Amino acid sequence: MNDEIALATPMAFVTRANGAVLDARGQRFSLGQPCRVETSAGRWTDAEVVGFADGTLQLLTFACVADVVPGARVLPGHSTPALRIGPSWLGRVVDAFGQPLDGKGPLRGDTWLDTQGSPPAPLDRRAIAEPLAVGVRAIDGLLSLGKGQRVGLFAGSGVGKSVLLGMMTRHTEAQIVVVGLIGERGREVGEFVTETLGRDGLAKAIVVAAPADAPPAQRMKATELCHAIATHFRDAGHDVLLLVDSLTRYAMACREVALSLGEAPAARGYPVSVFARLPRLVECAGNGAGSGSLSAIYTVLAEGDDLQDPVVDTARAVLDGHIVLSRELADAGHYPAIDIGASVSRCMTQAVGARHAGAARAFKAQWHAYRQIRELIPLGAYVPGAHAETDRAVARHPAMLDFLCQHEGEHRAPHDLCERLEALCR
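When we follow full-length UniProt numbering, the leftmost residue of the sequence shown carries the number 1, and every step to the right adds one.
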């Protein structure tokens with residue numbers, strides 16, 4: 001009887017391997033069908049049907065396929081095990097499949113997690129009308145975020161991006177923080193959890209990690225799992241902050257898969273399907289119809305500090321604002337290295353009101369006035385008294401610099417930021 005069942009099992013056979021994608025021929029499987037692929041060691045690895053052409057199946061694998069050989073059997077698999085989620089997930093670190101990575105035992109919950117959810121309908125989204133403090137003075141004062149807003153954090157390497165994310169996680173007023181560490185070095189994942197977040201930051205956070213050596217399918221799945229977790233807690237009525245580091249690594253994973261599937265490269269080697277995926281992903285964030293909120297901050301890597309990179313350009317177009325980190329400021333020891341002139345929050349007025357937004361604009365104008373003449377001061381070419389506005393900017397620059405710079409452990413309530421900005425600009 002067992003032999004008859006084995007003979008009747010639908011089966012295909014691997015004919016070609018191209019990166020994370022396998023070609024197989026034989027039994028026909030439907031699009032999206034989970035599969036199991038036999039390895040040379042007699043083990044099985046999970047895959048999913050992502051395409052087909054001329055009778056050939058295209059399978060996306062979720063693990064390394066170095067030990068898959070030609071002719072390896074492909075059998076129908078089981079659907080991804082459903083996850084139960086609840087408050088016990090707080091303080092935990094999980095992988096792309098929602099399995100614990102921290103050795104603290106199994107995860108428990110009282111509600112099934114919907115990992116295939118769709119974004120709220122446009123007219124069902126509650127308007128952004130309340131501020132969300134993240135505990136960083138330069139952001140809360142000059143680039144104020146609203147509950148439900150989605151912004152990009154644009155940065156090159158080594159300018160303090162991870163430290164800034166840790167500050168926001170520890171100091172934000174959001175009740176729950178979901179952190180996605182996508183494509184980061186394995187060492188950095190451990191350091192971010194134990195040092196950057198610390199015990200206090202981790203207590204209200206859920207971390208989803210897919211390091212740089214994970215297959216592209218896992219990096220994509222981990223990013224999507226972050227959004228599913230954040231959406232669940234938003235729909236439960238919580239104020240949630242989602243931090244994804246980084247959106248660029250997600251786009252790179254999508255590019256790797258798309259090229260393996262034979263899609264033609266376009267801008268900077270990215271197939272057009274990548275730029276279709278990015279808006280679908282970020283639209284999952286934002287407010288829904290209920291009382292909860294889902295704000296999101298996506299880091300976007302500007303390779304070589306190039307802000308014209310296609311992923312940077314696409315992210316800037318689909319997000320509700322962008323915060324730019326400057327290498328020049330970082331090299332000068334100005335942390336956080338936020339370039340307030342190049343950054344913008346499109347929802348600031350709705351979140352904090354016209355008075356605060358006006359004070360922020362006045363501060364920016366005064367900061368810009370100083371930046372225009374700063375190189376003349378060491379040369380002795382600046383003559384006080386020639387221009388009153390410039391004189392005010394020079395006189396107040398130390399106080400403005402003190403407002404913008406903030407130590408990693410420094411935090412104070414944002415209730416008086418508007419008054420401080422007005423005092424600096426009088």
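The C-beta atom is built at its ideal place from N, Cα and C for all residues, glycine as well. Given the structure is predicted, the values throughout are model-derived calculations rather than measurements.
- Three or more Cβ pairs closer than 8 Å define a contact, and the region 313-323 meets that threshold against the region 139-153.
- Under the 10 Å beta carbon count, I176 is surrounded by 16 or more other beta carbons and is classified as buried.
- Within a 10 Å sphere around the beta-carbon of T196 sit 16 or more other beta-carbons, which makes this residue buried.
- Per DSSP, the continuous beta strand (DSSP E) segment holding R16 begins and ends at A12 to N18.
- Distance between A63 and F97, taken at the CA atoms: about 12 Å.
- In the structure shown, A24 adopts extended strand secondary structure according to DSSP, grouped into three states.
- Here the alpha carbon of G190 sits roughly 43 Å from the alpha carbon of C425.
- Spanning the alpha carbons of H78 and L225 requires a straight line of approximately 19 Å.
- Within the region 82-158, the complete alpha helix (DSSP H) runs of at least 4 residues fall at 137-142.
- For C418, the uninterrupted alpha helix (DSSP H) run begins and ends at L417 to C425, by DSSP.
- F52 and S260 have their alpha carbons spaced roughly 13 Å apart.
- Taking C-beta separations shorter than 6 Å and ignoring five residues to either side along the sequence, G42 has no partners in its chain.
- Counting only the Cα atoms, H415 lies some 14 Å from A357.
- The residues V65 and V68, in chain order, have a CB closer than 7 Å to that of A17 in the same chain once the five nearest residues on each side in sequence are set aside.
- Bridge pairing for D402: absent [DSSP].
- Across the set E256, G160, T172 and R327, the C-alpha of E256 shows the shortest separation from the C-alpha of V272.
- Counting along the chain, the unbroken beta strand (DSSP E) around I176 starts and ends at I176 to I182.
- Separation of A360 and L421 (C-alpha to C-alpha, rounded to the nearest whole angstrom) is 7 Å.
- Apart from the 5 residues on each side of it in sequence, W44 sits with its Cβ closer than 7 Å to the Cβ of R36, V37 and E38 in its chain, given in chain order.
- Taken in chain order, the unbroken stretches of beta strand (DSSP E) that lie wholly in the region 185-211 and span 3 residues or more are 205-210.
- Per the coordinates, the alpha-carbon of A127 lies some 17 Å from the alpha-carbon of A354.
- Apart from the 5 residues on each side of it in sequence, R234 sits with its Cβ closer than 7 Å to the Cβ of V240, G288, G292, S293 and L294 in its chain, given in chain order.
- Note on geometry: alpha-carbon atoms of M11 and Q116 lie some 27 Å from one another.
- Taking all protein chains shown into account, L379 has fewer than 16 neighbouring C-beta atoms within 10 Å of its C-beta and is therefore exposed.
- Ranked by how close their Cα comes to the Cα of P106, the residues E389, V159 and V93 have V93 in first place.
- Minimum Cα-Cα distance from F363 among the listed residues L329, I377, L164 and T390 corresponds to T390.
- DSSP places G333 outside both helix and strand once states are collapsed to three, so it counts as coil.
- Boundaries of the alpha helix (DSSP H) harbouring R277: V272 to V282, taken from the DSSP string.
- Here the C-alpha atom of C284 lies approximately 21 Å from the C-alpha atom of L165.
- For G237, same chain residues with a beta-carbon under 7 Å away, outside a window of 5 residues either side, are G290, S291 and G292 in chain order.
- DSSP, reduced to helix, strand and coil, places V312 within a helical segment of the structure shown.
- In the three-state DSSP reduction, F363 falls in the helix class (H, G or I).
- For P70, the secondary structure class from DSSP, reduced to helix, strand or coil, is coil.
- Here I206 is near L90, since their CB atoms are less than 8 Å apart.
- Contact between L22 and L75 is ruled out by a C-beta separation of about 13 Å, above the 8 Å threshold.
- E38 carries a strand assignment under DSSP once its states are collapsed to helix, strand and coil.
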